[in-house]
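Per the working numbering, numbering of the sequence shown is gapless, rising by one per residue and ending at 79. Note that beta-carbon positions come from the ideal geometry of N, C-alpha and C, so glycine has one too. A short worksheet on the structure shown next.
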Amino acid sequence: MVERDLDAVEETAERLRTYGPEGVITYSEQLQRVTAHLAELLELRYHTRQMAELLRLGLAFEGEPQPRFVNGAELSSL
C-alpha cells in the first residue's frame with residue numbers, strides 16, 4: 002500500500018469507529034491487505050496484514066492466478 006492508501010484506511014477507521022462495527026469482510030482478493038489493516042485499526046478479528054500477504058504468496062506459489070504485485074515505487078512510475 003502506498004502512503005495515501007494508509008491515510009485513507011486510517012480516516013475510514015475513524016469514521017467507522019463511531020458506529021461500533023462488530024466485523025469486517027471483503028470479497029475482493031485485491032483488498033485483503035487493506036481490509037486487514039482496517040480490521041487491525043478497529044481491533045476486529047481478521048487476518049493480520051502479514052497473513053493476508055502470505056495467503057497471496059501461497060496461492061501464487063500453488064499456481065493460482067493472482068493480481069500482479071505492485072509496490073509503492075512501481076506505482077509512482079506508472
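Proximity of L45 and G24 at Cβ, strictly below 9 Å:
In this structure, L45 lies near G24, with their beta-carbon atoms less than 9 Å apart.
Jot down the residue ranges of each uninterrupted alpha helix (DSSP H) in the segment 15 to 75, minimum 4 residues, whole runs only, in chain order.
Complete alpha helix (DSSP H) runs here, min 4: 33 to 42, 50 to 62.
Could you check the C-alpha separation between V3 and E63 for me, to the nearest Å?
Low local confidence applies: a pLDDT of 49 at V3 is under 50, so the model's placement there is unreliable, with the coordinate-based value given in what follows. Answer to the nearest angstrom: the Cα atoms are 27 Å apart.
To which residues of the same chain is V10 closer than 8 Å at the C-beta, ignoring the five residues directly before and after it?
Result list for V10: M2, V35, H38, L39, L42, in chain order.
My understanding is that L56 touches Q33, with C-beta atoms under 8 Å, so please give their C-beta distance in whole angstroms.
Taking C-beta atoms under 8 Å as the contact rule, L56 and Q33 qualify, at a distance of about 7 Å.
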